[in-house]
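Undergrad: Please see the structure below; I have some questions.
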Amino acid sequence: MTVAAVVTAAGSGTRLGRDLPKALVTIAGTPLVAWAASSLAAVCEQVVVTAPAEHLEEFRRAVSHVAARVTVVAGGATRQQSVALGLAAVSPEADEILVHDAARAFMPVAVSGRALAALDAADGVIPVLPVVDTIVATSGGEVRYLDRSSLGGVQTPQAFRASALRDAHARAAAGGFEGTDDGSLLAAYGYRVVTCEGDPEGRKITYAEDLDHFERRWARA
Ligand code: C5P
0 MTVAAVVTAA GSGTRLGRDL PKALVTIAGT PLVAWAASSL AAVCEQVVVT APAEHLEEFR
60 RAVSHVAARV TVVAGGATRQ QSVALGLAAV SPEADEILVH DAARAFMPVA VSGRALAALD
120 AADGVIPVLP VVDTIVATSG GEVRYLDRSS LGGVQTPQAF RASALRDAHA RAAAGGFEGT
180 DDGSLLAAYG YRVVTCEGDP EGRKITYAED LDHFERRWAR A
């Protein structure tokens with residue numbers, strides 16, 4: 000099997016409140032995008048990073064020490080478009096593709112292994128964590144309580160058969176379907192998507208508090 004990865008890092012990260020793209024923010028002296036790309040380079044033959052078009056050179060520098068097989072391409076206006084642009088740069092020889100958010104920079108590499116292993120029996124695998132909060136659906140001031148035992152929080156890296164991922168992206172682009180992850184695209188087009196166990200260390204870095212969490216963790220290490 001030839002395995003490739005797309006790392007989405009083209010977001011601006013405005014919610015983080017920094018004046019540089021989120022994936023270039025450093026923890027322990029290493030940019031988030033390099034943490035994420037290193038973890039995938041351990042299990043992939045090729046890693047394609049999507050970056051904001053106006054920061055390509057900074058991103059290339061940020062991942063230059065990771066591995067020669069890491070390349071950087073310009074992302075798009077949405078996460079989904081960024082993944083599609085990354086996919087276009089993935090070798091046609093790849094049979095399996097991992098898609099990972101640089102914002103989950105500290106996801107243990109074992110989760111990539113679990114996702115790829117579960118791909119034997121599915122077209123797509125999404126890492127999931129149990130929901131710990133009580134969850135309600137809200138609309139127009141009304142609340143509806145959901146059964147949290149049947150819910151899960153979805154993480155990345157997500158693993159896919161390359162043909163299914165490419166097909167789902169092509170159909171979503173043609174049909175105007177926009178998902179917040181890639182598993183939802185496969186599910187929308189009838190592909191079999193299953194779960195594997197996620198990891199709390201894969202917490203998404205969105206707000207300054209998330210960054211503080213990992214800064215404190217590395218300060219203790
Ligand atoms: O904005 P959010 O945190 O949901 O983004 C998830 C991931 O998608 C991040 O790693 C971000 O860099 C990436 N992204 C992207 N292209 C965009 C928007 C987000 O690659 N246009």
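Anchor point for the sequence shown: position 30 equals 29 in numbering that gives the first Met the number 0, and the numbering is continuous, going up by one each time. Using N, Cα and C, we set each Cβ at its ideal position, and we do this for glycine too.
#1: List, from N- to C-terminal side, the alpha helix (DSSP H) runs of 4 residues or more that fit wholly inside the stretch 115-194.
#2: Just grab the DSSP bridge partners of HIS99 for me.
#3: Measuring only the C-alpha atoms, how far is ALA136 from ASP146?
#4: Could you tell me if the beta carbon of ARG78 falls within a distance shorter than 8 Å of some heavy atom in the ligand C5P?
#5: Between the stretch 66-85 and the stretch 113-126, can you find at least three pairs of beta-carbon atoms closer than 8 Å?
#6: Please name the residue, chosen from VAL24, ARG202, ALA9 and VAL2, that lies closest to CYS43 on a Cα-to-Cα basis.
#7: First and last residue of the beta strand (DSSP E) that includes VAL72?
#8: Looking at VAL82 and the ligand C5P, is the gap between the Cβ and the nearest heavy atom below 8 Å?
#9: Nearer than 8 Å: is that true of the beta carbon of THR70 relative to any heavy atom of the ligand C5P?
#10: Look at the alpha carbon of LEU55 and the alpha carbon of GLY12, and state the distance between them as a whole number of angstroms.
#11: Which two residues bound the contiguous alpha helix (DSSP H) that contains ALA62?
#12: Can THR133 be considered in contact with the ligand C5P, in the sense that its beta carbon sits closer than 8 Å to one or more heavy atoms?
#13: Does DSSP put THR49 in a helix, a strand or coil?
#14: Go to GLY85, then tell me how far its alpha helix (DSSP H) extends in each direction, as first and last residue.
#15: Check whether the stretch 198-211 touches the stretch 14-22, taking contact to mean three or more Cβ pairs, one atom from each stretch, closer than 8 Å.
#16: Helix, strand or coil for GLU44? Go by DSSP, reduced to three states.
TA: Inspection of the coordinates gives the following:
#1: 161-174 and 182-187
#2: VAL6
#3: 11 Å
#4: yes
#5: no
#6: VAL2
#7: 69-73
#8: yes
#9: no
#10: 16 Å
#11: Reading the sequence as shown, one finds Val at residue 62 and not Ala. Run containing VAL62: 55-62, per the alpha helix (DSSP H) assignment.
#12: no
#13: strand
#14: 78-87
#15: yes
#16: coil
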